[in-house]
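Chains as they are written, first to last, in this note's numbering: chain U, 34 to 255; chain R, 36 to 246. Structure, as structure tokens:
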């Protein structure tokens, strides 16, 4: 069985989301590195894999997939379906709910903050503090709900880790390395949940390839 | 089952389409935002973010429209998800993500400017509408190529991926900008096929666009 191939640059938070799931599932895979600054994702050979010209892309034999959450689901469904709880109507709905919450309430709040506060200084983009503050406001509105949820169970969909928790990894990794990490620190259950994720071998392995500055300071521009 | 929210919301009617196609027995229970009902303890118990839609099925409360749609499909019409097939379910998942992240993400600001803002006493920002229509055309090029190869988005079978597009698209057709589909004949044919479905006809009748 040939190993799966994952195309993209490993500093990408979307790549991080997928890689954590691959590691948790114990899947054999190889990363095919691509260059963002070199525009690899816009070349015809990549558009043939993903017509939207984005990464990550997964190849598993005949199957070529894109969209990080779709890739995550495929990998887990194939190798560690208990992380999706698909045999269980209520459990699977809970996993889906919290994956959707991350997609619509967390990633859209964290990504602009990360772009403006971590990446911006390296690429000469002036920070739009008003926009950053707006995104922080959205995050602050959401954190009490997470705190309440994580007071009821150790992880988002119950007492065991699921895809819902893992899908938060990429964006949380960078947000918690920025100057606003203290916002999350105000919520002890959320902080404990994040620390528990950080302690997982899968997360430690993937974080090793994701320096908190995306590699800009050392000249390893993605 | 009870689906909480107003039929004006394309997030609510996304769920109605799935519930209809799944043949689920459900009723729509409106939530009154004007009286802050969405922030009431009763509603926060259904959706802790104080939003709609929320679904109640017995003791179970589910929120986030696409999670609700998947629940309805899994419970009553699992063939819409193909979870028994690794390759087919993967394509359903890809196109459900594409709907959310590439398609509806662009329709949202268009629909807000054209349908919601005027209702709130504001003026449509045509620049925002045009910018997003231009981006949408690029996305529709990809859809056109896909639907030239396959009858539906995930393959030659109808899936929740197709159905999740319906509610926002119905709203697009209530704006002056439905003609954006004109350059994409396979997309138009796919849409006409979806429109002809009894479930979609029923939800279209439920919706009261404000434009």
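Using N, Cα and C, we set each Cβ at its ideal position, and we do this for glycine too. Everything numeric in this text was worked out from a predicted model, so none of it was measured.
In this structure the segment 182 to 189 of chain U does not touch the segment 155 to 174 of chain U; the number of beta carbon pairs closer than 8 Å is below three. The straight-line gap separating the alpha-carbon atoms of residue 79(R) and residue 61(U) is approximately 43 Å.
At a cut-off of 9 Å between beta carbons, residue 198(U) makes no contact with chain R.
Of 207(U), 69(U), 133(U), 93(U), the smallest CA-CA separation from residue 189(U) is found for 133(U). Its chain contains 142, 145, 146 as the residues whose beta carbon lies nearer than 7 Å to that of residue 168(U), once the 5 sequence neighbours on both sides are disregarded; these appear in chain order. Within the segment 125 to 170 of chain R, the alpha helix (DSSP H) runs of at least 4 residues that lie entirely inside it are, in chain order, 140 to 146. For residue 215(U), the uninterrupted alpha helix (DSSP H) segment begins and ends at 215 to 218. For residue 203(R), the closest alpha carbon among the candidates 40(R), 52(R), 191(R), 155(R) is that of 52(R).
A Cβ of chain R is located within less than 9 Å of the beta carbon of residue 129(U). Around the beta carbon of residue 196(R), 16 or more other beta carbons sit within 10 angstroms, so the residue counts as buried. In the same chain as residue 164(R), and ignoring 5 residues on each side of it, the C-beta atoms closer than 6 Å to its own belong to 145, 148, in chain order. Contacts between residue 223(U) and chain R, judged by CB atoms closer than 7 Å, are missing: the closest CB pair is about 14 Å apart. With respect to the 9 Å criterion, residue 100(U) and residue 174(R) are not classified as neighbours on the basis of their beta carbons.
The straight-line gap separating the alpha-carbon atoms of residue 176(U) and residue 158(U) is approximately 28 Å. When DSSP states are grouped into helix, strand and coil, residue 89(R) belongs to the strand group. Among the CB atoms of chain U, none fall inside 9 Å of the CB of residue 167(R). Partner residues in the beta bridge of residue 66(U), as assigned by DSSP, are 41(U). Put simply, the CB of residue 109(R) is near chain U, with a gap under 9 Å to one of its CB atoms.
Sequence-distant partners of residue 160(R) (beyond 5 residues in either direction) whose C-beta falls short of 6 Å from its own C-beta, in its chain, are 148. Contact check for residue 135(U) and residue 79(U): beta-carbon distance about 26 Å, past the 8 Å limit, so the pair fails to qualify. By the Cβ-count criterion, residue 92(R) is buried, with 16 or more other Cβ atoms from all chains shown falling within 10 Å of its own Cβ. For residue 70(R), there is no enclosing alpha helix (DSSP H), since its DSSP letter is neither H nor E. Per DSSP, the continuous alpha helix (DSSP H) segment holding residue 207(U) begins and ends at 202 to 208. In terms of Cβ geometry, residue 139(U) and residue 204(U) form a close pair [threshold 9 Å]. Residue 96(U) carries a strand assignment under DSSP once its states are collapsed to helix, strand and coil.
Following the DSSP letters along the chain, one finds residue 223(R) inside the alpha helix (DSSP H) bounded by residues 220 to 230.
If you look at residue 80(U), you'll find it in the alpha helix (DSSP H) that goes 77 to 80.
Residue contact with chain R for residue 84(U): present (Cβ-Cβ distance below 9 Å to some residue of chain R).
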